[in-house]
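Let me begin by presenting the structure, written as C-alpha coordinates, before commenting on it.
Numbering (this note's numbering), first residue to last: 8 to 316.
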(Lines of atoms letter the chains of each structure in order from A and count residues from 1; the text may use other names and numbers.)
(Lines give C-alpha, C1' and ligand atoms only; values in the text may rest on other atoms or scores of the structure.)
Protein backbone atom coordinates (compact mmCIF):
# COMPACT_ATOMS: atom_id res chain seq x y z
CA UNK A 1 0.00 0.00 0.00
CA UNK A 2 1.16 3.55 -0.72
CA UNK A 3 -0.39 5.93 1.82
CA UNK A 4 -1.94 5.69 5.27
CA UNK A 5 -3.78 8.65 6.81
CA UNK A 6 -4.10 8.54 10.60
CA UNK A 7 -6.15 10.83 12.82
CA UNK A 8 -7.75 10.83 16.23
CA UNK A 9 -11.11 12.29 17.16
CA UNK A 10 -13.08 12.96 20.33
CA UNK A 11 -16.69 14.15 20.53
CA UNK A 12 -16.53 16.42 17.47
CA UNK A 13 -18.90 14.69 15.09
CA UNK A 14 -19.93 17.76 13.09
CA UNK A 15 -16.33 18.78 12.51
CA UNK A 16 -15.25 15.22 11.74
CA UNK A 17 -18.00 14.89 9.15
CA UNK A 18 -16.62 17.88 7.23
CA UNK A 19 -13.14 16.37 7.32
CA UNK A 20 -14.26 12.99 6.04
CA UNK A 21 -16.41 14.64 3.37
CA UNK A 22 -13.30 16.40 2.07
CA UNK A 23 -11.54 13.03 1.92
CA UNK A 24 -14.32 11.79 -0.36
CA UNK A 25 -13.36 14.51 -2.84
CA UNK A 26 -9.63 13.74 -2.95
CA UNK A 27 -7.98 13.08 -6.29
CA UNK A 28 -6.43 9.66 -5.82
CA UNK A 29 -5.16 8.52 -9.21
CA UNK A 30 -3.69 5.04 -8.87
CA UNK A 31 -2.55 5.55 -5.26
CA UNK A 32 -3.45 2.72 -2.89
CA UNK A 33 -4.49 4.31 0.39
CA UNK A 34 -6.25 3.87 3.70
CA UNK A 35 -7.62 5.97 6.56
CA UNK A 36 -7.17 4.89 10.19
CA UNK A 37 -9.63 6.80 12.39
CA UNK A 38 -9.19 6.43 16.16
CA UNK A 39 -12.11 7.39 18.39
CA UNK A 40 -10.71 8.60 21.71
CA UNK A 41 -14.13 8.85 23.35
CA UNK A 42 -15.74 5.60 22.12
CA UNK A 43 -19.04 7.28 21.25
CA UNK A 44 -21.85 5.68 19.27
CA UNK A 45 -22.35 8.85 17.21
CA UNK A 46 -18.73 8.77 16.05
CA UNK A 47 -18.95 5.05 15.31
CA UNK A 48 -22.05 5.72 13.19
CA UNK A 49 -20.25 8.41 11.18
CA UNK A 50 -17.28 6.09 10.68
CA UNK A 51 -19.57 3.32 9.45
CA UNK A 52 -21.32 5.72 7.06
CA UNK A 53 -18.06 6.94 5.52
CA UNK A 54 -16.53 3.47 5.40
CA UNK A 55 -19.01 2.82 2.59
CA UNK A 56 -17.33 5.58 0.57
CA UNK A 57 -13.74 5.56 1.81
CA UNK A 58 -11.06 2.94 2.65
CA UNK A 59 -11.65 3.74 6.32
CA UNK A 60 -10.87 1.60 9.35
CA UNK A 61 -12.42 2.64 12.67
CA UNK A 62 -10.83 1.82 16.01
CA UNK A 63 -11.09 3.06 19.58
CA UNK A 64 -8.58 4.06 22.26
CA UNK A 65 -9.73 4.23 25.89
CA UNK A 66 -6.71 6.10 27.28
CA UNK A 67 -7.58 9.76 26.89
CA UNK A 68 -5.13 11.82 24.87
CA UNK A 69 -4.37 12.59 21.25
CA UNK A 70 -0.97 10.90 21.48
CA UNK A 71 -2.55 7.69 22.77
CA UNK A 72 -4.97 7.76 19.83
CA UNK A 73 -2.25 8.26 17.23
CA UNK A 74 -0.02 5.61 18.80
CA UNK A 75 -2.95 3.19 18.69
CA UNK A 76 -3.12 3.53 14.90
CA UNK A 77 0.60 3.11 14.22
CA UNK A 78 0.82 -0.73 14.42
CA UNK A 79 -2.00 -0.98 11.84
CA UNK A 80 -0.34 1.26 9.24
CA UNK A 81 0.08 -0.47 5.88
CA UNK A 82 1.16 2.49 3.70
CA UNK A 83 4.75 3.25 2.76
CA UNK A 84 4.15 6.84 3.84
CA UNK A 85 1.93 8.11 6.64
CA UNK A 86 0.01 11.38 6.71
CA UNK A 87 -0.71 12.39 10.30
CA UNK A 88 -3.57 14.86 10.54
CA UNK A 89 -6.43 16.11 12.73
CA UNK A 90 -10.19 15.73 12.69
CA UNK A 91 -10.74 19.44 11.96
CA UNK A 92 -9.16 19.87 8.53
CA UNK A 93 -10.50 20.24 5.03
CA UNK A 94 -8.18 18.49 2.59
CA UNK A 95 -7.33 20.19 -0.67
CA UNK A 96 -8.48 17.98 -3.54
CA UNK A 97 -4.86 17.38 -4.58
CA UNK A 98 -3.55 16.83 -1.03
CA UNK A 99 -3.04 13.09 -1.36
CA UNK A 100 -1.59 13.03 -4.85
CA UNK A 101 0.66 16.09 -4.35
CA UNK A 102 1.98 14.70 -1.09
CA UNK A 103 2.71 11.32 -2.68
CA UNK A 104 4.54 12.94 -5.61
CA UNK A 105 6.44 15.28 -3.30
CA UNK A 106 7.74 12.46 -1.13
CA UNK A 107 8.90 10.58 -4.24
CA UNK A 108 11.04 13.58 -5.21
CA UNK A 109 13.04 13.15 -1.98
CA UNK A 110 13.82 9.41 -1.82
CA UNK A 111 16.48 9.79 0.87
CA UNK A 112 14.32 11.79 3.30
CA UNK A 113 11.89 10.47 5.90
CA UNK A 114 10.24 13.57 7.40
CA UNK A 115 8.04 16.10 5.60
CA UNK A 116 5.62 18.91 6.37
CA UNK A 117 2.92 20.46 4.23
CA UNK A 118 1.09 23.77 4.05
CA UNK A 119 -1.81 24.58 6.42
CA UNK A 120 -4.14 27.48 5.68
CA UNK A 121 -7.05 28.77 7.79
CA UNK A 122 -10.62 28.19 6.65
CA UNK A 123 -12.83 30.77 8.34
CA UNK A 124 -16.57 30.24 8.90
CA UNK A 125 -18.85 31.41 6.05
CA UNK A 126 -19.54 35.12 6.37
CA UNK A 127 -16.93 35.65 9.08
CA UNK A 128 -14.47 38.49 8.81
CA UNK A 129 -11.04 36.84 8.50
CA UNK A 130 -8.68 37.57 11.36
CA UNK A 131 -5.41 39.39 10.66
CA UNK A 132 -2.95 36.49 10.69
CA UNK A 133 0.21 38.52 10.18
CA UNK A 134 1.27 38.21 13.82
CA UNK A 135 3.19 35.04 14.67
CA UNK A 136 1.06 34.36 17.76
CA UNK A 137 -2.15 34.53 15.74
CA UNK A 138 -0.69 32.26 13.07
CA UNK A 139 0.34 29.83 15.77
CA UNK A 140 -3.08 29.95 17.42
CA UNK A 141 -4.77 29.01 14.14
CA UNK A 142 -2.06 26.48 13.19
CA UNK A 143 -1.12 28.33 10.01
CA UNK A 144 1.90 26.80 8.26
CA UNK A 145 2.37 28.86 5.11
CA UNK A 146 6.07 29.46 4.82
CA UNK A 147 7.48 31.81 2.20
CA UNK A 148 9.92 29.30 0.81
CA UNK A 149 10.28 26.76 -1.99
CA UNK A 150 10.19 23.00 -1.60
CA UNK A 151 13.25 21.79 0.28
CA UNK A 152 14.84 21.38 3.69
CA UNK A 153 13.59 23.45 6.62
CA UNK A 154 13.32 23.28 10.41
CA UNK A 155 11.26 20.36 11.72
CA UNK A 156 9.63 22.64 14.31
CA UNK A 157 7.93 24.41 11.39
CA UNK A 158 5.93 21.22 10.76
CA UNK A 159 2.49 21.48 12.36
CA UNK A 160 0.28 18.61 13.45
CA UNK A 161 -2.49 18.68 10.82
CA UNK A 162 -0.05 18.10 7.94
CA UNK A 163 2.78 15.93 9.24
CA UNK A 164 4.19 13.38 6.79
CA UNK A 165 6.67 10.57 7.43
CA UNK A 166 7.89 7.45 5.74
CA UNK A 167 6.31 4.70 7.82
CA UNK A 168 9.75 3.18 8.42
CA UNK A 169 10.15 5.91 11.05
CA UNK A 170 7.69 4.07 13.27
CA UNK A 171 9.55 0.80 12.74
CA UNK A 172 12.56 2.58 14.22
CA UNK A 173 10.71 3.18 17.47
CA UNK A 174 9.39 6.73 17.17
CA UNK A 175 6.07 7.40 18.89
CA UNK A 176 4.06 10.41 20.10
CA UNK A 177 4.79 11.54 23.66
CA UNK A 178 1.76 10.69 25.81
CA UNK A 179 2.84 13.07 28.58
CA UNK A 180 1.95 16.13 26.49
CA UNK A 181 -0.78 17.09 24.06
CA UNK A 182 -4.59 17.14 24.43
CA UNK A 183 -5.60 14.88 27.32
CA UNK A 184 -7.08 17.13 30.02
CA UNK A 185 -8.29 20.74 30.15
CA UNK A 186 -4.92 21.77 31.56
CA UNK A 187 -2.80 20.04 28.94
CA UNK A 188 0.57 21.14 27.58
CA UNK A 189 0.50 21.60 23.81
CA UNK A 190 3.26 20.38 21.56
CA UNK A 191 3.21 16.61 21.13
CA UNK A 192 3.37 16.99 17.34
CA UNK A 193 6.31 19.40 17.54
CA UNK A 194 8.14 17.19 20.03
CA UNK A 195 7.68 14.18 17.73
CA UNK A 196 9.10 15.81 14.59
CA UNK A 197 11.93 17.41 16.57
CA UNK A 198 12.99 14.03 17.94
CA UNK A 199 12.92 12.56 14.44
CA UNK A 200 15.04 15.44 13.13
CA UNK A 201 17.51 15.11 16.01
CA UNK A 202 17.95 11.44 15.16
CA UNK A 203 19.39 12.46 11.80
CA UNK A 204 16.33 12.86 9.57
CA UNK A 205 16.12 16.43 8.20
CA UNK A 206 12.69 17.77 7.28
CA UNK A 207 11.43 18.71 3.82
CA UNK A 208 8.76 21.34 3.16
CA UNK A 209 6.16 20.35 0.55
CA UNK A 210 4.22 23.56 -0.24
CA UNK A 211 1.93 21.78 -2.72
CA UNK A 212 0.66 19.48 0.05
CA UNK A 213 -2.23 21.60 1.35
CA UNK A 214 -4.89 21.23 4.02
CA UNK A 215 -7.21 23.84 5.53
CA UNK A 216 -7.75 24.18 9.27
CA UNK A 217 -11.43 24.59 10.17
CA UNK A 218 -11.76 27.76 12.26
CA UNK A 219 -14.90 27.63 14.39
CA UNK A 220 -16.94 30.77 15.24
CA UNK A 221 -15.93 30.68 18.92
CA UNK A 222 -12.28 30.69 17.85
CA UNK A 223 -12.70 34.19 16.44
CA UNK A 224 -13.34 35.71 19.88
CA UNK A 225 -10.73 37.62 21.87
CA UNK A 226 -11.39 35.32 24.81
CA UNK A 227 -10.49 32.21 22.81
CA UNK A 228 -7.37 33.83 21.33
CA UNK A 229 -6.19 34.95 24.77
CA UNK A 230 -6.53 31.42 26.16
CA UNK A 231 -4.87 29.83 23.15
CA UNK A 232 -1.88 32.18 23.22
CA UNK A 233 -1.60 31.69 26.99
CA UNK A 234 -1.39 27.93 26.38
CA UNK A 235 1.26 28.53 23.72
CA UNK A 236 3.34 30.40 26.27
CA UNK A 237 2.98 27.56 28.77
CA UNK A 238 3.99 25.05 26.11
CA UNK A 239 7.06 27.07 25.11
CA UNK A 240 8.27 27.28 28.72
CA UNK A 241 7.68 23.58 29.37
CA UNK A 242 9.32 22.29 26.19
CA UNK A 243 12.26 24.70 26.46
CA UNK A 244 13.18 23.44 29.94
CA UNK A 245 14.41 25.37 32.96
CA UNK A 246 17.05 28.00 32.12
CA UNK A 247 20.21 27.79 34.23
CA UNK A 248 19.78 31.30 35.66
CA UNK A 249 18.89 32.76 39.09
CA UNK A 250 15.30 31.98 40.07
CA UNK A 251 12.66 33.34 42.41
CA UNK A 252 9.94 30.89 43.53
CA UNK A 253 10.89 28.56 40.68
CA UNK A 254 10.59 31.29 38.05
CA UNK A 255 13.64 32.70 36.24
CA UNK A 256 14.14 36.14 37.71
CA UNK A 257 14.25 37.82 34.32
CA UNK A 258 10.67 36.63 33.68
CA UNK A 259 9.30 39.02 36.32
CA UNK A 260 10.67 41.97 34.36
CA UNK A 261 9.52 40.54 31.03
CA UNK A 262 5.98 39.93 32.31
CA UNK A 263 5.65 43.38 33.88
CA UNK A 264 7.01 45.03 30.72
CA UNK A 265 4.48 43.12 28.61
CA UNK A 266 1.66 44.09 30.98
CA UNK A 267 2.47 47.81 30.97
CA UNK A 268 2.98 47.75 27.20
CA UNK A 269 -0.53 46.31 26.95
CA UNK A 270 -1.94 49.06 29.20
CA UNK A 271 -0.23 51.79 27.15
CA UNK A 272 -1.58 50.26 23.94
CA UNK A 273 -5.10 51.35 24.87
CA UNK A 274 -4.12 54.76 23.53
CA UNK A 275 -3.02 53.21 20.21
CA UNK A 276 -4.75 51.58 17.25
CA UNK A 277 -6.78 48.39 17.61
CA UNK A 278 -4.10 46.42 15.77
CA UNK A 279 -1.35 47.52 18.17
CA UNK A 280 -3.65 46.93 21.15
CA UNK A 281 -4.41 43.38 20.01
CA UNK A 282 -0.73 42.67 19.41
CA UNK A 283 0.28 43.85 22.89
CA UNK A 284 -2.57 41.92 24.47
CA UNK A 285 -1.48 38.66 22.83
CA UNK A 286 2.16 39.24 23.77
CA UNK A 287 1.11 39.79 27.38
CA UNK A 288 -0.93 36.57 27.53
CA UNK A 289 1.93 34.63 25.95
CA UNK A 290 4.39 35.89 28.56
CA UNK A 291 1.83 35.26 31.29
CA UNK A 292 1.53 31.65 30.11
CA UNK A 293 5.31 31.24 30.27
CA UNK A 294 5.43 32.74 33.77
CA UNK A 295 2.62 30.53 35.09
CA UNK A 296 4.19 27.37 33.67
CA UNK A 297 7.50 28.13 35.35
CA UNK A 298 5.55 28.41 38.62
CA UNK A 299 3.85 25.07 37.98
CA UNK A 300 7.17 23.48 37.06
CA UNK A 301 9.11 22.62 33.92
CA UNK A 302 11.63 19.87 33.11
CA UNK A 303 15.22 20.62 34.06
CA UNK A 304 16.38 19.55 30.63
CA UNK A 305 15.31 21.14 27.35
CA UNK A 306 12.91 18.90 25.40
CA UNK A 307 13.29 20.72 22.09
CA UNK A 308 14.81 23.77 20.47
CA UNK A 309 12.48 26.03 18.49
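Heads up, the beta-carbon is just placed ideally off N, CA and C, and yes, glycines get one too. Keep in mind the model is a prediction, meaning the values are calculated, not measured.
Residue closest to residue i, alpha-carbon to alpha-carbon, out of the options
{"i": "residue 127", "options": "198, 102, 28 and 157", "result": "102"}
{"i": "residue 155", "options": "131, 125, 182 and 144", "result": "125"}
{"i": "residue 24", "options": "98, 296 and 163", "result": "98"}
{"i": "residue 66", "options": "131, 219 and 87", "result": "87"}
{"i": "residue 303", "options": "315, 269, 72 and 277", "result": "269"}
{"i": "residue 41", "options": "90, 50 and 71", "result": "90"}
{"i": "residue 248", "options": "175, 314, 236 and 168", "result": "314"}
{"i": "residue 158", "options": "217, 172, 224 and 253", "result": "217"}
{"i": "residue 45", "options": "83, 266 and 58", "result": "83"}
{"i": "residue 179", "options": "195, 167, 211 and 163", "result": "211"}
{"i": "residue 37", "options": "43, 141 and 9", "result": "9"}
{"i": "residue 50", "options": "271, 199, 70 and 194", "result": "70"}
{"i": "residue 173", "options": "220, 131 and 123", "result": "123"}
{"i": "residue 308", "options": "139, 43 and 195", "result": "195"}
{"i": "residue 141", "options": "260, 262, 261 and 239", "result": "239"}
{"i": "residue 215", "options": "152, 236 and 275", "result": "152"}
{"i": "residue 276", "options": "261, 236 and 312", "result": "236"}
{"i": "residue 100", "options": "163, 169 and 139", "result": "169"}
{"i": "residue 163", "options": "139, 213 and 175", "result": "213"}
Straight-line Cα distance separating residue j from residue i
{"i": "residue 300", "j": "residue 81", "result": "29 Å"}
{"i": "residue 17", "j": "residue 31", "result": "21 Å"}
{"i": "residue 255", "j": "residue 197", "result": "24 Å"}
{"i": "residue 264", "j": "residue 292", "result": "19 Å"}
{"i": "residue 287", "j": "residue 226", "result": "23 Å"}
{"i": "residue 93", "j": "residue 241", "result": "26 Å"}
{"i": "residue 297", "j": "residue 245", "result": "11 Å"}
{"i": "residue 11", "j": "residue 47", "result": "19 Å"}
{"i": "residue 22", "j": "residue 305", "result": "35 Å"}
{"i": "residue 85", "j": "residue 61", "result": "20 Å"}
{"i": "residue 72", "j": "residue 20", "result": "18 Å"}
{"i": "residue 258", "j": "residue 267", "result": "12 Å"}
{"i": "residue 131", "j": "residue 234", "result": "15 Å"}
{"i": "residue 121", "j": "residue 134", "result": "35 Å"}
{"i": "residue 58", "j": "residue 224", "result": "23 Å"}
{"i": "residue 1", "j": "residue 199", "result": "Because the chain spans 8 through 316 in this model, residue 1 falls outside it and cannot be assessed."}
{"i": "residue 39", "j": "residue 184", "result": "29 Å"}
{"i": "residue 253", "j": "residue 29", "result": "44 Å"}
{"i": "residue 232", "j": "residue 285", "result": "13 Å"}
{"i": "residue 113", "j": "residue 68", "result": "26 Å"}
{"i": "residue 43", "j": "residue 96", "result": "12 Å"}
{"i": "residue 167", "j": "residue 193", "result": "19 Å"}
{"i": "residue 209", "j": "residue 281", "result": "49 Å"}
{"i": "residue 219", "j": "residue 243", "result": "29 Å"}
The alpha helix (DSSP H) enclosing residue i, as first and last residue numbers
{"i": "residue 302", "result": "284 to 306"}
{"i": "residue 264", "result": "263 to 278"}
{"i": "residue 200", "result": "198 to 208"}
{"i": "residue 173", "result": "Counting along the chain, residue 173 falls outside any alpha helix (DSSP H), though it belongs to the beta strand (DSSP E) covering 170 to 173."}
{"i": "residue 33", "result": "Unbroken run through residue 33: none, as it is neither H nor E."}
{"i": "residue 158", "result": "Run containing residue 158: none in the alpha helix (DSSP H); it sits in the beta strand (DSSP E), 158 to 160."}
{"i": "residue 144", "result": "142 to 147"}
{"i": "residue 54", "result": "51 to 61"}
{"i": "residue 77", "result": "76 to 83"}
Range covered by the beta strand (DSSP E) that runs through residue i
{"i": "residue 239", "result": "Where residue 239 is concerned, there is no enclosing beta strand (DSSP E), although the alpha helix (DSSP H) it sits in stretches over 232 to 250."}
{"i": "residue 114", "result": "Segment 105 to 114 is the alpha helix (DSSP H) holding residue 114; no beta strand (DSSP E) there."}
{"i": "residue 223", "result": "213 to 224"}
{"i": "residue 122", "result": "121 to 129"}
{"i": "residue 101", "result": "99 to 101"}
{"i": "residue 69", "result": "66 to 70"}
{"i": "residue 16", "result": "10 to 16"}
{"i": "residue 46", "result": "40 to 46"}
{"i": "residue 195", "result": "Here residue 195 belongs to no beta strand (DSSP E), and DSSP marks it neither H nor E."}
{"i": "residue 94", "result": "91 to 94"}
Whole-Å CB distance - residue i paired with residue j, under 8 Å assumed
{"i": "residue 283", "j": "residue 290", "result": "11 Å between Cβ atoms; not a contact."}
{"i": "residue 222", "j": "residue 129", "result": "4 Å"}
{"i": "residue 230", "j": "residue 137", "result": "6 Å"}
{"i": "residue 310", "j": "residue 251", "result": "6 Å"}
{"i": "residue 64", "j": "residue 14", "result": "That pair is no contact at about 12 Å."}
{"i": "residue 171", "j": "residue 109", "result": "6 Å"}
{"i": "residue 294", "j": "residue 273", "result": "6 Å"}
Chain D contact for residue i (CB, 8 Å cutoff)
{"i": "residue 145", "result": "Although the question refers to chain D, the structure presented lacks it and comprises just one protein chain."}
Exercise. Are the stretch 52 to 59 and the stretch 112 to 126 in contact at 8 Å, needing three or more beta carbon pairs?
Worked result: No, the stretch 52 to 59 is not in contact with the stretch 112 to 126.
Exercise. Taking one C-beta from the stretch 134 to 145 and one from the stretch 190 to 209 each time, how about it: are there three or more such pairs within less than 8 Å?
Worked result: no
Problem set entry | Inter-stretch contact (C-beta, 8 Å, three-pair minimum) for the stretch 105 to 112 and the stretch 29 to 45 | yes
Exercise. Are three or more beta carbon pairs between the stretch 65 to 79 and the stretch 183 to 196 nearer than 8 Å?
Worked result: yes
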